[in-house]
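Inspection log for the structure reproduced underneath, given as structure tokens.
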Amino acid sequence: MATHKVSDSATTPLTKGPSASKITEVAAMQNFIQDLLGDTHHTFLQGSYKNDTARSDINDVDIVAIRLNTYSSVHTGRSFPTSIPWENIFAEIEQKLRSQGRYSSWTVTRGDKCIKVRGAFNADVIPAVQVGSHLEDPIVVYSFRTFTEKLNHPRLHYENGVAKNKATFGRYKPAVRMFKNWAYNHFGDDRDVFSSFKVEALVHSMPTEHFYDDPVKTFIVGADGILKKLNPRALVALGIPSVCGKEDIAHNWDANGKSRFAAQLSTSLGLALDAYKAGSIADADSKWRDTFNL
21 MATHKVSDSA
31 TTPLTKGPSA
41 SKITEVAAMQ
51 NFIQDLLGDT
61 HHTFLQGSYK
71 NDTARSDIND
81 VDIVAIRLNT
91 YSSVHTGRSF
101 PTSIPWENIF
111 AEIEQKLRSQ
121 GRYSSWTVTR
131 GDKCIKVRGA
141 FNADVIPAVQ
151 VGSHLEDPIV
161 VYSFRTFTEK
171 LNHPRLHYEN
181 GVAKNKATFG
191 RYKPAVRMFK
201 NWAYNHFGDD
211 RDVFSSFKVE
221 ALVHSMPTEH
231 FYDDPVKTFI
241 VGADGILKKL
251 NPRALVALGI
261 PSVCGKEDIA
271 HNWDANGKSR
281 FAAQLSTSLG
291 LALDAYKAGS
301 IADADSKWRD
311 TFNL
């Protein structure tokens, strides 16, 4: 592909991560929650902040809270002399979060798989139990919507992302942020259309040779490849593996939401190509902003 006139000032905000001060704030929150829960739990970050794929303006974080020496009988196949309901596992964390005295603005509510802490900075605290060591994947989380336990592999997800970033000479993580910005700018928080988890998996599925030093070229080539993967025939035949490789992200993707995602990506690909071919910086940047609904 030939060179283009899209400016760095137009692309850089879409690929950069959170500021150092925000990262420090996230670490402080995780440490505070670990101190609150004490030695009955082991906490760690998962998701965009841990994986270094967060958008620069993101204001929430996922914190896993593993209840130590508590194992899933469903996923270990073992029987135990005592048991604790998931209701109690959630409730004991909620009680400690509500009784803390440092952040007066905090509100604590229960979600499907997490406890939502809302304040100046937001956190989803995800209760979990063990299968093996608390330091190793998988772990087990619970959904109150489906009343089911699910295996989770957050550390494998992280390791695979690090490997992909290394294989692409540091281009993978900025590309993930760029595609997350694209999705968020077009669809907001509509979880039927996309999730951060799904977008990261789509970008992770791109061949290493499709990550360029040039984010415009990466978006064009990447979007074209993703659209081919989202073709219904390709999805049936191949699926799209999650970053950890343990599930097919297409399996639980709302059909209408997936169609909307693909249709908008196709439109945006056309705009990105127009930006690439534009004859002036002003026209190129304008088309690039249209690509990202800016």
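The numbering used here applies: residue 21 is where the sequence shown begins, and numbers increase by one. Glycine included, C-beta positions come from ideal geometry on N, C-alpha and C.
Measuring alpha carbon to alpha carbon, tell me which of the options ends up nearest residue i.
{"i": "residue 76", "options": "204, 85 and 117", "result": "204"}
{"i": "residue 137", "options": "96, 79, 283 and 60", "result": "79"}
{"i": "residue 240", "options": "72, 41, 225 and 286", "result": "286"}
{"i": "residue 267", "options": "174, 151, 183 and 307", "result": "174"}
{"i": "residue 145", "options": "135, 207, 108 and 250", "result": "135"}
{"i": "residue 165", "options": "185, 262, 109 and 132", "result": "132"}
{"i": "residue 181", "options": "226, 154 and 208", "result": "226"}
{"i": "residue 150", "options": "84, 253, 66 and 48", "result": "84"}
{"i": "residue 71", "options": "37, 313, 201 and 87", "result": "37"}
{"i": "residue 81", "options": "59, 289 and 48", "result": "48"}
{"i": "residue 312", "options": "110, 249 and 243", "result": "243"}
{"i": "residue 214", "options": "255, 306, 189 and 277", "result": "277"}
{"i": "residue 20", "options": "307, 211 and 279", "result": "Residue numbering for the chain in the displayed model covers 21 to 314; residue 20 lies beyond these limits and cannot be assessed."}
Please return the same chain residues whose Cβ sits closer than 8 Å to the Cβ of residue i, not counting the five positions on each side in sequence.
{"i": "residue 235", "result": "31, 34, 35, 194, 195 and 198"}
Please say whether residue j and residue i have beta carbons closer to each other than 9 Å?
{"i": "residue 304", "j": "residue 260", "result": "no"}
{"i": "residue 159", "j": "residue 172", "result": "yes"}
{"i": "residue 228", "j": "residue 187", "result": "yes"}
{"i": "residue 178", "j": "residue 170", "result": "no"}
{"i": "residue 224", "j": "residue 263", "result": "yes"}
{"i": "residue 295", "j": "residue 247", "result": "no"}
{"i": "residue 90", "j": "residue 113", "result": "no"}
{"i": "residue 270", "j": "residue 289", "result": "no"}
{"i": "residue 192", "j": "residue 185", "result": "yes"}
{"i": "residue 62", "j": "residue 155", "result": "yes"}
Counting only the same chain and skipping the five closest in sequence on each side, list residues whose C-beta sits under 7 Å from that of residue i.
{"i": "residue 116", "result": "56 and 57"}
{"i": "residue 68", "result": "74, 78 and 216"}
Can you list, in chain order, the residues of its chain with a C-beta nearer than 6 Å to that of residue i? Leave out the 5 residues immediately preceding and following it.
{"i": "residue 123", "result": "139"}
{"i": "residue 129", "result": "136"}
Residue i: beta carbon under 8 Å from a heavy atom of the ligand SAH?
{"i": "residue 149", "result": "Among the ligands in the structure shown, none appear at all, so the ligand SAH cannot be discussed."}
Item to complete: Starting from the N-terminal side, write out each stretch of the alpha helix (DSSP H) that is 4 residues or longer and does not extend beyond the stretch 23-68.
Response: 28-35 and 40-57
Discussion item. For a minimum of 4 consecutive residues, which ranges assigned as the alpha helix (DSSP H) are wholly contained in the stretch 190-261?
Written reply: Here the runs fully enclosed are 192-207, 216-224, 235-250 and 252-258.
Worksheet entry | Continuous alpha helix (DSSP H) assignments of at least 4 residues falling wholly in the stretch 260-297 | Fully enclosed alpha helix (DSSP H) runs of 4 or longer: 275-297.
Practice prompt. Starting from the N-terminal side, write out each stretch of the beta strand (DSSP E) that is 3 residues or longer and does not extend beyond the stretch 141-173.
Written response: 142-150, 159-163 and 168-172
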